[in-house]
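Chemist: In this note's numbering, the protein residues as written are 66 to 374. So that we are looking at the same thing, I have put the structure below in structure tokens.
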Ligand SMILES: NC(=O)c1ccc[n+]([C@@H]2O[C@H](COP(=O)([O-])OP(=O)(O)OC[C@H]3O[C@@H](n4cnc5c(N)ncnc54)[C@H](OP(=O)(O)O)[C@@H]3O)[C@@H](O)[C@H]2O)c1
């Protein structure tokens, strides 16, 4: 057989693998797109705990879950904002409590920090955990201060790991299934230069969720326990204070729409950008060569930073 024949064979195998990858991804998007909400299975009158719950996506989750009759535990930094949001959530006819925590402090003594949240919620039947807290600093990585780097890691990485560890065990002992939603980002899929520390952290969150999901599934099966629906949520741009410079971009969605769509796919898939607009983002991101995306994203972010300075 000629050398050309071997080249053709390699070409056909590579094309086949790429097609298989696209097909699986497309099937996954389709499944998420067609999913219907089923929140009753998590147990009536149970509680949802949301970190970073006084603004943006966290507040969106708090409102949507309260409208679906979940009692709400709000965990955030500012006591005044917490009191005001707690009042708003109670107006939906559910119970709400607030825990004031500054997550930038969590790496100082993580055990004490996260055990405190565990203890304050011990008597409540928490069925849904939304690990939403996160923070981003846009610009050149080498210009960022040590505090900016430390805070991004403290908010984007530590809470997801510790909260999942504490609550997974509690949830596995429930009589009903439970759910953990970890906020990653569409920026976890490829390099987004100019958001270097943030997007690397979000990639960590995504892989952590998929890995933990498999471990929890194994544990639940072996110990004959109710499972936990794990979701790595990878939205594109959501209209929140975090991205106020990008409100004019196309495909921006509201925090409520983000939450509503996430709850629709919960239990059906383990990762999703959830809204059709953001599925377009995700598909594009996955299929644009990473080095092109890195260049374009850096230019866009630096342009926006210059405009604002
Ligand atoms: N917005 C997007 O386009 C987008 C896209 C993809 C992924 N995400 C992810 O979604 C999550 C939420 O983003 P967002 O845009 O909704 O954020 P956001 O609008 O900035 O909301 C931040 C929330 O977190 C709280 N918070 C901030 N710093 C805190 C701290 N040190 N300790 C305790 N609470 C603190 C704020 O409370 P205070 O008001 O008390 O400060 C507020 O409730 C993040 O993980 C983000 O990475 C967002």
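In this text, a Cβ means the ideal position worked out from N, Cα and C, and glycines have one as well. Quick caveat, the model's predicted, so the values are computed rather than measured.
#1: Since residue 256 and residue 359 are thought to touch, with beta carbons under 8 Å apart, how far apart are those beta carbons, to the nearest angstrom?
#2: Within 10 Å of its beta-carbon, does residue 343 have 16 or more other beta-carbons around it, so buried, or fewer, so exposed?
#3: For residue 175 and residue 182, what's the separation of their Cα atoms in angstroms?
#4: Is residue 314 close to ligand 1? I mean its beta-carbon at under 6 Å from any heavy atom of the ligand.
#5: Does DSSP classify residue 210 as helix, strand or coil?
#6: Could you spell out where the alpha helix (DSSP H) holding residue 247 opens and where it closes?
#7: My output table needs one value for residue 137: the three-state DSSP class, helix, strand or coil.
#8: Mapping the DSSP letters down to three states, classify residue 188 as helix, strand or coil.
#9: Once you ignore the five residues that flank residue 200 on each side, which residues in its own chain have a CB closer than 8 Å to its CB?
#10: If you measure between the beta carbons of residue 125 and residue 300, is that distance less than 7 Å?
#11: Report, in whole angstroms, the separation of the C-beta atoms of residue 113 and residue 339, which I expect to be a contact under 8 Å.
#12: Can you determine whether any heavy atom of ligand 1 sits closer than 6 Å to the C-beta of residue 167, and answer yes or no?
#13: With distances taken between CB atoms, is the gap from residue 224 to residue 198 smaller than 7 Å?
#14: Just how far apart, CA to CA, sit residue 294 and residue 71?
#15: For ligand 1, is there any heavy atom lying closer than 6 Å to the beta carbon of residue 225?
#16: Opposite residue 228 in the DSSP bridges: which residues?
#17: So, using beta-carbon positions, are residue 117 and residue 305 closer together than 7 Å?
#18: Does at least one heavy atom of ligand 1 sit under 6 Å from the Cβ of residue 266?
#19: Tell me which residue opens and which closes the alpha helix (DSSP H) that residue 322 is part of.
#20: For my contact list, residue 133 and residue 110 are in at a C-beta cut-off of 8 Å; report their separation, rounded to the angstrom.
Modeler: Working from what's here:
#1: 4 Å
#2: buried
#3: 11 Å
#4: no
#5: coil
#6: Not the alpha helix (DSSP H): residue 247 falls in the beta strand (DSSP E), residues 243-248.
#7: strand
#8: coil
#9: 216, 217, 220, 221, 263, 307
#10: no
#11: Actually they do not touch by this definition, with Cβ atoms about 17 Å apart.
#12: yes
#13: yes
#14: 45 Å
#15: no
#16: Residue 228 pairs with nothing; no bridge assigned.
#17: no
#18: no
#19: 320-330
#20: Not quite, the Cβ-Cβ distance comes to about 12 Å (not below 8 Å), so this is no contact.
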